[in-house]
Every structure is written in C-alpha cells, then in structure tokens.
C-alpha cells in the first residue's frame, strides 16, 4: 500500500502554487525519502496474468483501493458466522485451486462482513495484495540461472502455489531509473497472451529492483539440443518450428517485433511446448553487440541487413533468425557461427552466394570481396526434405521484403502433415491439445526415461530469458 | 525590395511577440501539457515521444486526482519515461536542466549538489509511480500513423496544385498535436481522432471531398477507414478539439 502512503504524505505537493522554490521542494522530498524510503518494499498487484488465466487486469485506481469499499449488501443470504473455507475464497477471487492462502488472510476474510457483498475490483486487488501477489516475500529465490544485459534470472518458488517460477530481476540503475528495455518488456508482455509466448504472472517492485515473475520452463532450445546430442527427431523439429512461427505470427499481427530470436530465447517444457521469451529488445531501434558484462552477443541469427546497421522496422527482420534456427534444429549445428560482423557476413555470402551489387546501398560489396556462388542448401542439410528446403530458402532471403511472413510460413506445405486443426486453435491453446500431435523420442537423447528428460541438466542453463 | 511586405518576416515577428509562459503562476493540466511540449521541443524529442508524454500525463491524472501530486514533476517524468517507451532516450540530466530552466527562466543550470540529486531521485521515483499507476501499460497507439495513411489516401482526390495550396496535412496535424492538451483524447480511438482532425481541417478550408456530406446509406469519406464512426461521434470529437482553443484563451 505504499502508493497510498506516498500519496497521503503529500510528498508530491505543489511547489509552484505555494511559491516555494523547486529546490526546497525537492529537498523536502529528499528528506522524506530518507525517512521512510518510500516504503517500496511491498508492492501492489498490478493487473497481470496470475497463475490462472481467468483473472484479467483490474483497472481500479490507487485512490479507490485506498478508500476500502465498504459495500455491505442489504440482502443477507447466509448467516454471517458461516466459516469460509479456502475454497470459497479461491472461488470468489478466481484464484487457482492449488493456491495456499495465508491463515491470517482466511481469518480476516471470515471476520469481514463485506464478504457477502459484491466484490469490487479495488477490493479484489487489495485482497490479492494481502494474499501475497506482487510482494517480494511471496517468492523464494532458489538459485541463479543466468545473467544478461540488464537483468539476472533466478529459479524461484511461489509460496502461494508451490509452483516453480522464473524470477527476472531488473536492476534499477540509480543513474537513469528503470532501463528502457525493462519498460518495454513489461508493457509489451502485458498485452501478449498466447500459448507460445511465456506468461508473465506477477510484477514485484521494490526500491532496488523490478522483478518479473514468469512461468518456469525447464529448458531452452539450446539446452534441449545439447541434451539430445544435437540430433532431434524431424517430427519434433517440425513441431518446434511451427510453434515458433505461431508465437511470432501472433506478435507480428500486433506489430511487435522480437528482434533477438535465438535458441536461448526459446523455452521448452517437458510436453514440448515452445514459448518465446525475452522481449527486452522487442521493437528497439538498435540491437546491442555487447552485454552488461561486456560479453559479445551472438550474431549468428542476425540478418545481413541488421548486421550492416539497418534500423528499419519490419516484421521480416525476425524471419531470418527463424531460418537459422530451423537449420540448426535439423542439422545439429549453427548455420552461420561467425564471431565478428565481418566473419558472419562472409559465412552468409559463402553459403548463399554474393548479394546483388546494389543490395543495401552497396554496403555489402565491401564485405563480399570475392564472388561466391550459392551452395545448394540440400548439400548442407541432407535431413531436410524438398518442402523443408523450400521453406528454409524462403526464410533466408537477402531481400527483407521477400522473406516469407510467419503467418504465411505456417501455411507452407511442409506443415501439411500437422493437419488443418492447428490453424483453427484459439490463441491460448497449445498445439498439443490436438489429438495425434505429440513429441517423439529424439534419436540422440541420452536419458532413458524420455518423457521426464526435463528433470536433468537444470543447472547448466546459462541464458534463459536473457 | 523596400516596398515589399515580407509576410514571413511578419510572421516571425508575430510569433516572437508571444511572451514566454510563466509556469509558476498557475498550475493546471492544460498548462502542464504546454510545459511538456515546450520542454520536449527544447530537448529535441521526436513528436511521437512528446505525444506519448502527454498521453501518459493525462492517463496518470485520470487514475488519481490532481491535487496530490506536483504536475510539473509528473510532466517532467512523463517526458523522461516517454523517451524510454519510444526508444528515443532522453538523458535525465538534460531533462532536469531543461525543465528546471523552463520553470525558472532566468536561473543558471543546477549545480551537481543536493538540489540536483534530490530532483533526480524524485524523477526516478515518480517514473516507477507512474508505471505502477498505469499498471505498466505504457505502450500507446497513436492517431498519427492512421492520420498519415488517411491523408495519403485523400491526396489522390486532389490535383497537385490544390494539394500544395491548401495546408490540409499541416492543419490536421496541428489539430492533432493541440488535441493532446486535453485529457479527452483518451476517450476516443486513435482512428476516430485521426478522422476528426482531418475533417476539421477540411471544414476550416471549406474543402469538399466526395462524400463530405453523408450521402446514401450513411457513407462518408471516412467510412472506408473506420466503419464504426457515427456522425454524432465525429462532431463530438471535433467540438472537443475546438474547445482546446477556448481553453487557451481562458488561460490568457
């Protein structure tokens, strides 16, 4: 309820009308801050997808949530002293059944006469906050999964549901406030609800950090490929590619670009559901080449136009990476593993042939010093059939405008074997709800207990969500 | 060249006569958005960044009442946050210097002392406050792109001379920018706002395009762009846009 505290303390009172100088006003603010530190250790639940898709966002103002709605219904249907069970409360607040409500909360709900009245959004929000949504105490950090450009990701556990979650902790740079990427990731992810996009469950905001609580998926695609010795069943390749395209088509339909597709950003659970993660760079104008820790960001999945510095907005920018990932899944090795921009471009031109001379304003000519003729893709990827090769070549097209869109790629004959049902699914339904669609055992998979392969190797993940 | 009246020069002089606004005299949302625009232009921010800041500002005060917060702090923070949202980063030091100097016209830039640090902390904290008030939903769909598209389509109905003679595009974008001064911009869909701005410009210059007046079956020139805009709604938005100019008069 910190916002309320902040509000009532009139910290942000007018300085102009009272004729104070801005400096003295800010000085007062500074003093106040030192005294109560803005009490930002607790945070309100903001309308995110809780661990139950039925809860929508609630659009109640902070103002209203402060003035608790004492709505007492004039009609009493049940005797007041009836003890409420946890189930009643769960049902009332549309919470998932596996939620553990704190005893104090249940007691309070029983004491409160408002329980029979209609539930306003403000009071539900207040209840959610009392239960523990949006609070830092609710989530236990287990161990660090990785560190990225602007955030650290932990594996964690929700005390409410005992579910494993991924906690992405964004450091609040004292210099410049919340990083740009963090702001965009939160605001974009809040709009996206799709079976192939990682779900944001909760946002916890403290004085020093902003933590995004995500659903936890066992592996990323890179790890998945490593675990099965880089030999995937071709059926699985098709399923992963289709899900990647499905998530991407949903983003592109909303004019959201991912811009940083790579196997490390594609999360996979033990059912084989693939989800897009890390929207930190989505729609950013520039793609960084160094991370926070000064590690070089991988260039392997970047289209030549981006490598040459293009900052044009286009959904086709993501499609090149899809092609590279497709190849990598099918062949077990990255398509263009360059370590510098120059090497990356050289590898691309060697495989796909020199670009047309006037391409990218003649910029490419500097890198394509010697003429290369295209190498047939089939020679590099013998496991791909004719349809797959055709689709791959449509992703790896020099001219961005000619690259196939995610929505069109889903209709490519390569996916015909999945049946017509996959195109009619509602956004939030997984393709594995369709009978007959299931993961095969990967030929290179070392672990014998195949369906539970997700249990091993969790400590090796380096790059989840980063 | 002695007897020639230089219209451009006159206009320049005229615009110079508008005195610099003293923001410390009165404080209300209208003036605070003016402050956003003035500071945004001084900071060389993109027009969409400034529009985002104005919308964030209005949305913040829609969530709460305006008496509890200092509107200039929220205005400055909205600008700073808009820069991040729109990927048009503004440096916090620039934001502080520009807003401070705009509020206190003659004063020197702030020293790197307590006053400056307090101001920076205030903006950083207010940024999180705004984000949480708006439930982290800070991505905004603007009318601008729709308006550009509609104008491009309308252009086909004009001859080149006509199009160059009548500043339709300029006027409608001026209306759109000015409409950001009023919180009622939040009440309408971006497509509808775009149509209203263009229609107002058409009315101002007395331009008749095919289907200016609703003809058979309620078809109007904009029906092809948005099929859910009724005439009453359109005129309501146009009136709201015109009211902005009355408000400006009230301020003076």
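Protein chains in written order, with the numbering used here: chain S, 104 to 569; chain R, 554 to 805. For each residue, glycine too, the CB sits at the ideal point set by N, CA and C.
Inset, instruction - Reducing DSSP to helix, strand and coil, say where residue 653 (chain R) ends up. - result: Working through the second chain from its first residue, we reach residue 653 (chain R) at position 100. Of the three classes helix, strand and coil, the one that applies to residue 653 (chain R) here is helix, per DSSP.
Inset, instruction - Between the Cα of residue 309 (chain S) and those of S:506, S:275, S:350, spot the shortest distance and give me the residue it belongs to. - result: Numbered from 1 along the first chain, position 206 holds the residue referred to as residue 309 (chain S). Of the candidates S:506, S:275, S:350, the one whose C-alpha sits nearest the C-alpha of residue 309 (chain S) is S:275.
Legend entry - residue 306 (chain S) - partner residues in DSSP beta bridges: As a first step, residue 306 (chain S) must be located in the first chain, where it is residue number 203. Answer is S:315, bridged to residue 306 (chain S).
Legend entry - Which of helix, strand or coil DSSP assigns to residue 525 (chain S): Counting from 1 along the first chain, the entry for residue 525 (chain S) is found at position 422. When secondary structure is reduced to three states using DSSP, residue 525 (chain S) falls in the helix class.
Inset, instruction - Please name the residues in the stretch 287 to 304 of chain S whose beta-carbon is closer than 8 Å to at least one beta-carbon of chain R, in chain order. - result: Correct list: 287, 289, 290, 291, 293, 294.
Inset, instruction - Kindly say whether residue 233 (chain S), judged by its beta-carbon, lies nearer than 8 Å to any beta-carbon of chain R. - result: Counting from 1 along the first chain, the entry for residue 233 (chain S) is found at position 130. With its beta carbon at least 8 Å from every one in chain R, residue 233 (chain S) lies outside the interface.
Legend entry - Three-state secondary structure (DSSP) of residue 674 (chain R): Here residue 674 (chain R) refers to the residue found at position 121 when the second chain is read from its first residue. Here residue 674 (chain R) sits in helix by DSSP.
Legend entry - Residues near residue 643 (chain R) in its chain [Cβ-Cβ closer than 7 Å; skip 5 each side]: Translated into the one-based positions of the second chain, residue 643 (chain R) becomes position 90. Answer for residue 643 (chain R): 596, 598, 632, 633, 636, listed in chain order.
Inset, instruction - Determine whether the Cβ of residue 140 (chain S) lies closer than 8 Å to any Cβ atom of chain R. - result: Numbered from 1 along the first chain, position 37 holds the residue referred to as residue 140 (chain S). Unreliable placement is indicated for residue 140 (chain S), whose pLDDT of 39 sits below 50; the coordinate value is still reported in the next sentence. Output row for residue 140 (chain S): interface = no.
Legend entry - Burial state of residue 281 (chain S) (16 or more Cβ within 10 Å): The residue given as residue 281 (chain S) occupies position 178 in the first chain. By the 10 Å Cβ count, residue 281 (chain S) comes out buried.
Inset, instruction - Tell me, please, which residues DSSP counts as bridged to residue 323 (chain S). - result: For the purposes of this step, residue 323 (chain S) is taken as residue 220 along the first chain, with counting starting at 1. In the DSSP output, where bridge partners are listed per residue, residue 323 (chain S) has S:370.
Inset, instruction - Taking C-beta pairs closer than 7 Å, name the residues in chain S that residue 602 (chain R) reaches, listed in chain order. - result: Your numbering for residue 602 (chain R) matches position 49 in the second chain. By Cβ distance, chain S contributes nothing, its closest Cβ being about 12 Å from residue 602 (chain R), past 7 Å.
Legend entry - DSSP beta-bridge partners of residue 379 (chain S): Taking the first residue of the first chain as 1, we reach residue 379 (chain S) at position 276. S:300, S:369, per the DSSP bridge assignment.
Inset, instruction - With a 10 Å radius around its C-beta and 16 neighbouring C-beta atoms as the bar for buried, classify residue 489 (chain S) as buried or exposed. - result: Your numbering for residue 489 (chain S) matches position 386 in the first chain. So residue 489 (chain S) counts as exposed.
Inset, instruction - List in chain order: all unbroken alpha helix (DSSP H) runs of 4+ residues lying wholly within the stretch 418 to 443 of chain S. - result: Within the stretch 418 to 443 of chain S, the complete alpha helix (DSSP H) segments at least 4 residues long are 420 to 434, listed from N- to C-terminus.
Legend entry - Beta carbon of residue 662 (chain R) nearer than 8 Å to that of residue 654 (chain R): Translated into the one-based positions of the second chain, residue 662 (chain R) becomes position 109. Translated into the one-based positions of the second chain, residue 654 (chain R) becomes position 101. Yes. Within cutoff.
Inset, instruction - Using a Cβ cut-off of 8 Å (strictly closer), state whether residue 308 (chain S) contacts chain R. - result: For the purposes of this step, residue 308 (chain S) is taken as the residue at position 205 of the first chain. Yes, residue 308 (chain S) lies at the interface with chain R (some Cβ there is under 8 Å from its Cβ).
Inset, instruction - Note down the Cα distance separating residue 424 (chain S) from residue 364 (chain S), rounded to an integer number of angstroms. - result: Position 321 of the first chain, counted from the start, is the residue given in the question as residue 424 (chain S). Position 261 of the first chain, counted from the start, is the residue given in the question as residue 364 (chain S). Between the alpha carbons of residue 424 (chain S) and residue 364 (chain S) lies a distance of about 6 Å.
Legend entry - Residues that DSSP places opposite residue 272 (chain S) in a beta bridge: By 1-based counting over the first chain, the position of residue 272 (chain S) is 169. Looking at the DSSP output, residue 272 (chain S) bridges to S:255, S:314.
Inset, instruction - With distances taken Cα to Cα, identify the nearest neighbour of residue 649 (chain R) among R:772, R:677, R:753. - result: Taking the first residue of the second chain as position 1, residue 649 (chain R) is located at position 96. Ranked by Cα distance from residue 649 (chain R), the first of R:772, R:677, R:753 is R:677.
Inset, instruction - Could you name each continuous alpha helix (DSSP H) segment of 4 residues or more that falls completely within the stretch 671 to 731 of chain R, going from the start of the chain to the end? - result: Fully contained in the stretch 671 to 731 of chain R are the following alpha helix (DSSP H) runs of length 4 or more, in chain order: 697 to 708, 713 to 718.
Inset, instruction - Just the C-alpha distance for residue 439 (chain S) and residue 496 (chain S), rounded to the nearest angstrom, thanks. - result: Your numbering for residue 439 (chain S) matches position 336 in the first chain. Your numbering for residue 496 (chain S) matches position 393 in the first chain. One C-alpha to the other measures close to 14 Å.
Inset, instruction - Select from S:334, S:299, S:261, S:339 the residue whose C-alpha is nearest the C-alpha of residue 437 (chain S). - result: As a first step, residue 437 (chain S) must be located in the first chain, where it is residue number 334. In terms of Cα proximity to residue 437 (chain S), the closest of S:334, S:299, S:261, S:339 is S:334.
Legend entry - N-terminal and C-terminal residue of the alpha helix (DSSP H) that residue 285 (chain S) is part of: The sequence position of residue 285 (chain S) within the first chain is 182, counting from 1. In the DSSP assignment, residue 285 (chain S) falls within the alpha helix (DSSP H) that extends over 283 to 292.
Inset, instruction - Find the residues of chain S that neighbour residue 677 (chain R), judging by a C-beta separation of less than 7 Å, and give them in chain order. - result: As a position in the second chain, residue 677 (chain R) is number 124, starting the count at 1. Neighbours of residue 677 (chain R) on chain S, chain order: 280.
Inset, instruction - Quick one: list the residues of chain S neighbouring residue 642 (chain R), beta-carbon separation under 9 Å, in chain order. - result: Indexing the second chain from 1 puts residue 642 (chain R) at position 89. At a beta-carbon threshold of 9 Å, the residues of chain S lying near residue 642 (chain R) are 279, 283, ordered along the chain.
Legend entry - Limits of the beta strand (DSSP E) - the one that residue 621 (chain R) falls within: Taking the second chain and counting its residues from 1, the one referred to as residue 621 (chain R) is at position 68. Counting along the chain, residue 621 (chain R) falls outside any beta strand (DSSP E), and DSSP gives it neither H nor E.
Inset, instruction - Alpha carbon to alpha carbon, how far is residue 802 (chain R) from residue 383 (chain S)? Give it in angstroms, no decimals. - result: Counting from one through the first chain, the residue named residue 383 (chain S) turns up at place 280. Counting from one through the second chain, the residue named residue 802 (chain R) turns up at place 249. Cα to Cα, residue 383 (chain S) sits roughly 44 Å from residue 802 (chain R).
Legend entry - Pairwise C-alpha distance: residue 481 (chain S) and residue 435 (chain S): Locating residue 435 (chain S) in the first chain gives position 332, where the first residue counts as 1. Locating residue 481 (chain S) in the first chain gives position 378, where the first residue counts as 1. Their backbone Cα atoms lie some 15 Å apart in a straight line.
Inset, instruction - Verify the CB distance criterion: does residue 125 (chain S) have a CB-CB separation below 8 Å to chain R? - result: Locating residue 125 (chain S) in the first chain gives position 22, counting from the first residue. With a pLDDT of 41 at residue 125 (chain S), under the threshold of 50, the modelled position of this residue cannot be trusted, and the question is left open.
Inset, instruction - Check whether the Cβ atoms of residue 798 (chain R) and residue 747 (chain R) lie closer than 8 Å to each other. - result: Taking the first residue of the second chain as position 1, residue 798 (chain R) is located at position 245. Taking the first residue of the second chain as position 1, residue 747 (chain R) is located at position 194. Cβ atoms of residue 798 (chain R) and residue 747 (chain R): not closer than 8 Å.
Legend entry - the stretch 337 to 344 of chain S touching the stretch 530 to 547 of chain S, judged by at least three CB pairs closer than 8 Å: Two segments are said to touch when three or more pairs of C-beta atoms, one from each, lie closer than 8 Å; by this definition the stretch 337 to 344 of chain S touches the stretch 530 to 547 of chain S.
Inset, instruction - Assign residue 638 (chain R) to one of two classes, buried (16 or more other C-beta atoms within 10 Å of its C-beta) or exposed (fewer than that). - result: Working through the second chain from its first residue, we reach residue 638 (chain R) at position 85. Per the 10 Å Cβ criterion, buried.
Legend entry - Option nearest residue 760 (chain R) by Cα separation, candidates R:617, R:724, R:629, R:588: For the purposes of this step, residue 760 (chain R) is taken as residue 207 along the second chain, with counting starting at 1. With distances taken between CA atoms, residue 760 (chain R) lies nearest to R:724 out of R:617, R:724, R:629, R:588.
Inset, instruction - Select from S:320, S:442, S:354, S:299 the residue whose C-alpha is nearest the C-alpha of residue 270 (chain S). - result: In the first chain, counting from the first residue as 1, residue 270 (chain S) sits at position 167. Nearest option by C-alpha distance: S:320.
Inset, instruction - Consider the Cβ of residue 689 (chain R): report whether some Cβ of chain S lies at a distance smaller than 8 Å. - result: Position 136 of the second chain, counted from the first residue, corresponds to residue 689 (chain R). Contact of residue 689 (chain R) with chain S is assigned, a C-beta pair being separated by under 8 Å.
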